[in-house]
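For the sequence shown, UniProt numbering assigns the number 1 to the initial residue and increments by one for each residue that follows. Here's the structure, in structure tokens; my notes come after.
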Amino acid sequence: MAKARSSVTTAPRSVDLSVASAALWLAATVFLALLALYFVGVDQGAVSLFGSDSHVHEFMHDARHLLGFPCH
């Protein structure tokens with residue numbers, strides 16, 4: 001015999017976006033967007049983790065040219 005499955009349905013909850021929460025999300029998004037813009041468009045090797053290592057610059061090199069940023 002097949003057992004009957006009980007299913008409970010719940011109403012979807014709305015997301016609580018108070019002004020403070022929305023401002024925090026907006027600030028975090030703007031910060032991350034500016035950080036990405038810096039790494040892609042502006043960094044010329046100043047953010048090297050190991051001395052004269054330019055892995056960040058070389059990793060973003062093609063994206064920099066694709067977006068029209070001058071590189072050298």
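Just so you know, even glycine gets a beta-carbon here, dropped at the ideal spot from N, CA and C.
Alpha carbon to alpha carbon, how far is residue j from residue i? Give it in angstroms, no decimals.
i   : j   : result
W25 : L34 : 14 Å
H65 : F59 : 12 Å
V40 : R5  : 54 Å
H57 : L17 : 38 Å
A28 : A20 : 12 Å
G30 : A46 : Reading off the sequence shown, one finds Val at residue 30, where the question assumed Gly. Approximately 22 Å, taken between the alpha carbons.
D52 : D43 : The sequence given here has Ser at residue 52, not Asp. For S52 and D43, the distance between alpha carbons rounds to 13 Å.
Out of the options, point me to the one whose CA is closest to residue i's CA.
i   : options               : result
G68 : S52, L37, V30 and H55 : L37
Given a cut-off of 8 Å, decide if residue j and residue i are closer than it, judged by their beta-carbon atoms.
i   : j   : result
H61 : C71 : yes
Determine the extent of the alpha helix (DSSP H) in which residue i is found, giving its start and end residues.
i   : result
T29 : V19 to L37
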